[in-house]
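First the structure, in the form of structure tokens, and then the observations on it.
So this is what it looks like as structure tokens:
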């Protein structure tokens, strides 16, 4: 079973955000789309999968945040409507999966770089940030 990673973001993540995060972690990382675009895979230079990300989903209410990440600190820009990045910004969550090997460590680093860039929260299955 892969490691699950939950990301909560204050706004929709763009392709540029993802590409900037890949470059920050390792310029050799690339993206490929699978399942008719439903899954984004991040692969290394050897085409080994480091991360699989589902499409982002809107957070309908603050209660969903606590359902997704009970007991975890969540960025104010996600959890508090008064601290949104813009009045029309819609917080989203992204579920991702990384293998429990060295490639997976890179995948987790990509998630952390992405949430740092956008101002979100990243919680890997093992609970470490």
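In the numbering used here, the protein residues as written are 4 to 132. A virtual CB, placed ideally from N, CA and C, is assigned to each residue, including glycine.
For the segment 62-71 against the segment 41-50, do three or more pairs of beta-carbon atoms, one drawn from each stretch, fall closer than 8 Å, so that the two count as touching?
Touching, no, given that fewer than three Cβ pairs across the two stretches are closer than 8 Å.
Indicate the three-state DSSP secondary structure (helix, strand or coil) for residue 118 in the structure shown.
Helix at residue 118.
What residues in its chain sit with their C-beta under 6 Å from that of residue 75, if we drop five residues either side in the sequence?
Closer than 6 Å at the Cβ level, and outside the excluded window around residue 75, lie 126.
In the DSSP assignment, find the unbroken beta strand (DSSP E) run with residue 52 in it and report its ends.
52-57 is the extent of the beta strand (DSSP E) around residue 52.
From residue 40 to residue 111, what distance separates their C-alpha atoms?
Rounded to the nearest angstrom, the two C-alpha atoms are 21 Å apart.
Residue 14 by DSSP, collapsed to three states: which one?
The answer is coil: DSSP assigns residue 14 none of H, G, I, E or B.
Check residue 106 in the structure and name its three-state DSSP category.
Residue 106 falls in the helix class under three-state DSSP.
Hey, could you find the ends of the beta strand (DSSP E) residue 101 is sitting in?
Taken as a continuous stretch (DSSP letters only), the beta strand (DSSP E) holding residue 101 covers 95-101.
What are the boundary residues of the beta strand (DSSP E) that residue 81 is part of?
Note, residue 81: premise wrong, no beta strand (DSSP E); alpha helix (DSSP H) at 79-82.
Assuming residue 101 and residue 6 form a contact by the criterion Cβ under 8 Å, report the distance between their Cβ atoms to the nearest whole angstrom.
Going by Cβ atoms, the distance from residue 101 to residue 6 rounds to 5 Å, so yes, they are a contact pair.
Would DSSP call residue 132 helix, strand or coil?
Model confidence at residue 132 stands at a pLDDT of 47, short of 50, so the residue's coordinates are unreliable; what they give is reported in the following sentence. The answer is coil: DSSP assigns residue 132 none of H, G, I, E or B.
Is the Cβ-Cβ distance between residue 78 and residue 30 less than 8 Å?
Their beta carbons are not under 8 Å apart, which means residue 78 does not touch residue 30 by this criterion.
Around the C-beta of residue 10, are 16 or more other C-beta atoms found within 10 angstroms, so that it is buried, or is it exposed?
Residue 10 is buried by the Cβ-count criterion.
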